[in-house]
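Quick note on full-length UniProt numbering: the sequence shown kicks off at 1 and runs consecutively.
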Amino acid sequence: MDNNRDLDLSSIIAEVKAQYEDIANRSRAEAEAWYQTKFEELQATAGKHGDDLRNTKGEISELNRLIQRIRSEIENTRNQCATLQTAIGDAEERGELALKDAKAKMIDLEDALQKAKADMARQLREYQELMNVKLALDIEIATYRKLLEGEESR
């Protein structure tokens, strides 16, 4: 059961990581493609349109901020992934320790059960022996009683 959980967690982590990397790569590619297109258009018209040049510089700054934000998101996502992997590792370790503890307790309980069964069997044998002695004494008392009654009737 633990191996299935390992496989499950590994596949989930791999899937989440792949999704985040795919989103980041697409976002980066889209931003860089858009940036490149705009940059080339503005270079061709830079001589004619001074206002467009200032606007383009603003857009470039915005794109750089966007790229920086996306890079920051990628880094945050990586950090989050690492944190989750650490948490998963810690949880697995705690689970393994709990499982070992439970197994040890189960072994102790099984040992105690076996000891109790052996003790009960011993007590049952002693009880049986005492009952046999009691029965023998009851028979002996009955025999003496008959002998005494026989003596009294004479």
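Heads up, the beta-carbon is just placed ideally off N, CA and C, and yes, glycines get one too.
query: Apart from the five residues just before and just after Ile74, which ones in its own chain have a Cβ nearer than 7 Å to its Cβ?; result: Ala24
query: Which of the three DSSP states, helix, strand or coil, is assigned to Ser153?; result: coil
query: Can you tell me the Cα-Cα spacing of Asp8 and Asp119, whole angstroms?; result: 47 Å
query: Cα separation between Tyr20 and Ile12?; result: 12 Å
query: Expressed to the nearest angstrom, what Euclidean distance is found between the alpha-carbon atoms of residue 157 and Ala136?; result: What is shown of the chain runs 1 to 154, which leaves residue 157 out entirely.
query: Less than 9 Å between the C-beta atoms of Arg28 and Ile67, yes or no?; result: yes
query: Once you ignore the five residues that flank Arg125 on each side, which residues in its own chain have a CB closer than 6 Å to its CB?; result: none
query: Beta-carbon within less than 8 Å of Lys17's beta-carbon, same chain only, minus the 5 sequence neighbours each way: which residues are those?; result: Cys81
query: Report all residues from its chain with a CB closer than 7 Å to the CB of Ala98; omit the five preceding and five following residues, and keep chain order.; result: none
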